[in-house]
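K.L.:
In my numbering, the protein residues as written are 1 to 348. The structure under discussion is supplied below as structure tokens; questions concerning it will follow.
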Ligand code: ADP
Ligand code: MG
């Protein structure tokens with residue numbers, strides 16, 4: 001047996017990258033989450049070769065100061081939590097301080113950022129050969145631009161697992177749909193190889209989740225038929241609020257592709273949630289058909305643990321039974337109500 005030794009930091013980051021950066025869409029997810037956490041209202045995404053050659057994300061958020069730039073790309077460095085207490089009630093999308101160092105260890109990374117009140121911005125480049133980068137002045141409006149080039153160029157084993165450009169772009173598009181549905185109050189513009197994929201205008205801040213504000217975005221992202229069949233959901237119980245839309249059973253799918261469930265603004269794929277929704281639809285959907293929905297559950301962040309998985313797709317509810325019953329009852333009632341109305345037109 002060789003002696004035990006500590007791994008060099010770059011290798012540690014590359015190992016962590018294996019958990020959070022699976023494909024180009026994971027990079028886009030991490031960068032968009034950072035922009036949203038920074039309070040951005042406008043986000044521009046530019047992609048080349050489905051993000052394998054280049055992913056650029058530009059936001060108008062709060063920016064990063066010169067003295068923090070190097071920290072931003074170092075491991076376990078975050079501005080979002082500072083104690084276990086913070087972790088237990090975390091409301092930001094990120095908090096692990098792993099995304100930027102992970103990306104920097106498997107791709108060429110450049111961050112340019114400017115804080116409000118600063119005279120100019122600062123640039124940091126890291127090329128995956130070490131963990132530090134040079135910080136230099138650069139022109140930039142308030143906010144942050146992150147450029148990721150040549151994903152996995154130093155990790156051929158990972159590169160081999162990339163699918164065709166079309167498949168990888170499909171993953172990115174689905175990811176953008178989720179993020180854009182999570183935050184109707186933020187504008188998203190997405191280009192691929194110079195061609196526009198999405199141009200979603202920001203809804204007014206006062207009503208980001210109302211049918212009125214979301215109508216256009218829902219139509220673009222889920223299609224007109226969904227909107228025509230959409231029933232608005234707005235239910236409350238002690239400490240729990242559910243809003244959004246479910247499609248009438250007349251509009252079901254052979255796949256689960258139009259199922260979006262957000263817990264405190266974070267898209268999750270959760271077994272408990274899926275089960276509650278399936279049960280609510282059980283009597284009204286044929287076997288093998290899947291419901292379509294966009295649902296937002298809000299609850300006290302302390303009632304849900306988001307630190308279950310590095311990529312945070314899963315959550316754990318403290319009162320799982322209560323959440324399950326609330327979802328089931330709310331949706332069941334809504335669907336029953338819609339049948340009694342004899343298929344009246346949806347409100348949006
Ligand atoms: P985390 O999001 O878990 O904190 P990241 O590695 O994604 O970790 O980012 C590290 C830090 O860099 C963040 O905590 C934040 O302070 C800063 N940062 C990253 N992206 C942005 C951005 N677009 N705007 C402002 N600050 C950012
Ligand atoms: Mg992050």
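Built from N, CA and C at the ideal position, the CB exists for glycine as well.
Using 8 Å as the Cβ pair cut-off and three pairs as the minimum, do the region 177-195 and the region 28-48 touch?
P.N.:
As far as the Cβ criterion goes, the region 177-195 touches the region 28-48, which means the pair count is three or higher.
K.L.:
Output the distance between the C-alpha atoms of residue 342 and residue 226, rounded to the nearest integer angstrom.
P.N.:
Mapped onto the chain shown, residue 342 falls at position 342. Mapped onto the chain shown, residue 226 falls at position 226. For residue 342, the pLDDT reaches just 42, beneath the cut-off of 50, and the residue's location in the model is therefore unreliable, although a value from the coordinates is still provided. Between residue 342 and residue 226, the C-alpha separation is close to 18 Å.
K.L.:
Could you check what DSSP says for residue 78 in three-state terms: helix, strand or coil?
P.N.:
Position 78 of the chain shown, counted from the first residue, corresponds to residue 78. Note: residue 78 maps to coil in three-state DSSP.
K.L.:
What residues in its chain sit with their C-beta under 6 Å from that of residue 344, if we drop five residues either side in the sequence?
P.N.:
By one-based count along the chain shown, residue 344 stands at place 344. Note on residue 344: pLDDT 41, under 50, position unreliable in the model; the coordinate value appears next. Excluding residues within five positions, none has a Cβ falling inside 6 Å.
K.L.:
Take residue 330 and list the residues in its own chain whose beta-carbon comes closer than 7 Å to its own, dropping the five residues that flank it on each side.
P.N.:
One-based indexing of the chain shown puts residue 330 at position 330. 233, 235, 242.
K.L.:
Checking the sheet assignment: what are the DSSP bridge partners for residue 223?
P.N.:
In the chain shown, residue 223 corresponds to position 223, counting from 1. Paired residue(s): none; residue 223 is not in a bridge.
K.L.:
Would you kindly work out how many angstroms separate the C-alpha atoms of residue 280 and residue 104, rounded to a whole number?
P.N.:
Here residue 280 refers to the residue found at position 280 when the chain shown is read from its first residue. Here residue 104 refers to the residue found at position 104 when the chain shown is read from its first residue. The straight-line gap from Cα to Cα measures roughly 44 Å.
K.L.:
In the DSSP assignment, find the beta strand (DSSP E) that holds residue 144 and state where it starts and stops.
P.N.:
Along the chain shown, one-based indexing puts residue 144 at 144. Start and end: 143-149.
K.L.:
Hey, out of 27, 62, 180, whose CA is closest to residue 109's CA?
P.N.:
To locate residue 109, count along the chain shown from 1; it is residue 109. It is 27.
K.L.:
Which residue from 194, 298, 92 puts its Cα closest to that of residue 239?
P.N.:
Looking up residue 239 in the chain shown gives position 239. Residue 298 is the option with its Cα nearest to residue 239.
K.L.:
Could you tell me whether any non-hydrogen atom of ligand 2 is closer than 7 Å to the CB of residue 70?
P.N.:
The count along the chain shown starts at 1 and reaches residue 70 at position 70. It does not: the Cβ of residue 70 is nowhere closer than 7 Å to a heavy atom of ligand 2.
K.L.:
Going by alpha carbons, who is nearest to residue 251 out of 266, 223, 244?
P.N.:
Sequence index remark: in the chain shown, residue 251 carries index 251 (1-based). Considering only alpha carbons, the answer is 223.
K.L.:
Along the chain, where does the alpha helix (DSSP H) that runs through residue 165 open and close?
P.N.:
Taking the chain shown and counting its residues from 1, one reaches residue 165 at position 165. Run containing residue 165: 165-182, per the alpha helix (DSSP H) assignment.
K.L.:
Classify residue 11: buried if its beta carbon has 16 or more other beta carbons within 10 angstroms, exposed otherwise.
P.N.:
Position 11 of the chain shown, counting from 1, holds the residue named residue 11. The residue in question, residue 11, is exposed, as its Cβ has fewer than 16 Cβ neighbours within 10 Å.
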